[in-house]
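With my numbering applied, the sequence shown corresponds to residues 663 to 832, in that order. Each residue gets a CB set at the ideal place from its N, CA and C atoms; glycine is no exception. Comments concern the structure below.
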Amino acid sequence: MERRVPGSTPPIYLDTVVRVSNLTVAFELKYKTKLLDEYSQGEHFSLKNQGAQDQGKYDFLRDVERLERTVDSGEASVGYAIFLTNDGLYWKHSVRGETVDAEFRLHTGSEKQGTLSWSSKASDGTKRARACPIVLAGRYKLAWKKFSDLDTESSNRIFKYLVVKVGNAT
């Protein structure tokens with residue numbers, strides 16, 4: 663259940679917040695899927711192709727920005743943005759040159775910091791409700807890790823996750 667950060671202007675809504683003793687941890691979660699309709703170890707996996715990876719990347723980095731604001735305000739000790747997907751377009755380095763979402767790429771080894779914006783070639787439809795640049799105070803080196811492999815013939819059988827930690831609390 664989403665929770666509003668008290669006093670945030672504009673309002674900040676977080677996916678979940680956990681309090682343990684004097685530690686408050688904020689979480690933002692993303693789960694994006696690529697088409698998969700397979701059986702693995704007796705379980706049926708039926709996932710839709712969500713597409714719009716450019717917007718998914720933007721939304722994840724907006725989550726990181728939101729967590730920075732929450733930690734900076736003292737409403738959380740630390741924040742974690744977590745992304746799980748079976749869509750390799752999120753974790754693979756693009757061989758395409760200039761793309762509308764170049765500053766939002768999330769491949770392993772990329773670093774995110776400062777002001778991130780859409781290319782001038784991005785359409786109004788792509789930027790709808792996402793036109794504002796993302797401004798990150800921190801510097802984040804991205805590293806995807808393997809979550810699972812469904813051991814099927816599908817090219818979309820591998821799931822990976824990305825975790826971005828915001829703040830220094832342990």
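Presumed contact (8 Å Cβ cut-off) between residue i and residue j, rounded CB distance
i	j	result
L768	K719	5 Å
L778	L723	6 Å
T678	R665	7 Å
G829	V762	With 8 Å as the limit, G829 and V762 do not qualify as a contact, their Cβ atoms being about 31 Å apart.
Residue i versus residue j: straight-line alpha-carbon distance, rounded
i	j	result
L746	I674	22 Å
P668	G736	11 Å
L685	I796	27 Å
I744	W806	10 Å
E727	K822	22 Å
K754	S772	10 Å
E705	S670	43 Å
R792	E730	18 Å
S782	G776	18 Å
Residue environment, residue i, which counts as buried when at least 16 other CB atoms sit within 10 Å
i	result
A688	buried
V757	exposed
R681	exposed
D749	buried
D811	exposed
G787	exposed
Y742	buried
Helix, strand or coil at residue i [DSSP, three-state]
i	result
A799	strand
Q703	coil
T747	strand
E773	strand
L729	helix
R792	coil
A915	As displayed, the chain neither begins before 663 nor continues past 832, which places residue 915 out of reach and without an answer.
G669	coil
G641	What the structure shows of the chain is the stretch from 663 to 832, and residue 641 is not part of that stretch, so it cannot be assessed.
R681	strand
Residue i and residue j closer than 7 Å at C-beta
i	j	result
Y802	K774	yes
Q717	K694	no
D699	S708	yes
N818	K696	yes
E760	D725	no
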